[in-house]
Amino acid sequence: MQLSMALANAADSGGSDEQLMLDYAAGDSRAFEQLYLKHKGPLYRYFVRQIGDRPLAEDLYQETWSRVIKAAAGYQPQAKFTTWLYRIAHNLLVDHVRAVKPVDLFTEVQTDNDSPDIGADEGEPGVSLEEEQKAGLLKECVSLLPQVQKEAFLLNCETGFPARVIAEIVGVSLEASKSRIRYAYQSLKECVASKWEASRE
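In case it helps, numbering that gives the first Met the number 0 puts the sequence shown at residues 0 to 200.
Structure representation (structure tokens):
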């Protein structure tokens, strides 16, 4: 815990992400190290949650950072660094999915904003057996979401991006972004409730 806090403090000590990226573009390798430490965990989880294949997630994760490095010289802070970073990640993911299967870019389904807790890890101290079972059902239901809803949900729930930022990352309108988030939450509530009832029978 102390180590993770120290790493987070180190990552936050060098100013804004945008300034760190500009510093890296100017030749400061330590600035890149700070950015990497700050964003490596959430970015890696983003890929793992999306595709469920750790070796592939690792490849896409590494390619994202490779593209960040290649783009450093021409970087302009026109958007927040996190938006820019996840746009690169999103584009890589879309390229991969398109190579594997057709992508339905218009699939959407309806929801409210009651957020299920995807952060609870099975086996965590203090978590009841029922909560562990529901967390497992939630992960299963997340994997069943249409790709565009899954991405919107993960960016909103796990990474904390609001609908406006998600719209910028994935290149859709604000209303489309909000719809994907709402539909994902509603689908997950219904899926978890249905699977939970079935497991009680």
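Ideal placement from N, C-alpha and C gives every residue a C-beta, glycine not left out.
Indicate the three-state DSSP secondary structure (helix, strand or coil) for Tyr23 in the structure shown.
helix
State the start and end residues of the unbroken alpha helix (DSSP H) segment that holds Gly14.
That residue, Gly14, is in no alpha helix (DSSP H); it is neither H nor E in DSSP.
Would you kindly check if the distance between the Cβ of Arg179 and the Cβ of Gln146 is under 8 Å?
no
Using only the alpha-carbon positions, how far apart do Lys194 and Lys188 sit?
10 Å
In three-state DSSP terms, what is Ala78?
coil
Measure the alpha-carbon distance for Ser229 versus Glu157 and round it to whole angstroms.
Missing from the structure shown is residue 229; the chain here goes from 0 to 200 and no further.
Assign Ser186 to buried or exposed, taking buried as 16 or more other Cβ atoms, counted over all protein chains shown, within 10 Å of its Cβ.
buried
Using 8 Å for Cβ pairs, my map puts Gln49 next to Glu139. What's the rounded Cβ distance?
In this structure Gln49 does not touch Glu139 by the C-beta definition: roughly 15 Å separates them, more than the 8 Å allowed.
Just reading off the alpha helix (DSSP H) that Ala192 is part of, what are its end residues?
Start and end: 173-199.
Once you ignore the five residues that flank Ala24 on each side, which residues in its own chain have a CB closer than 7 Å to its CB?
If you ignore the 5 residues before and after Ala24, its C-beta comes within less than 7 Å of the C-beta of Ala71, Ala72, Tyr74, all in its own chain and listed in chain order.
What number of angstroms, rounded off, separates the C-alpha of Ser198 from the C-alpha of Val191?
10 Å
Exposed or buried, which one is Arg53 when buried takes at least 16 other CB atoms within 10 Å?
exposed
Between Leu84 and Glu130, what straight-line distance do the alpha-carbon atoms span, to the nearest angstrom?
33 Å
Put Leu144 into one of helix, strand or coil per three-state DSSP.
coil
Take Asn155 as the anchor and find which of Ala183, Asp27, Leu128 has the nearest alpha-carbon.
Closest in alpha carbon position to Asn155, among Ala183, Asp27, Leu128, is Ala183.
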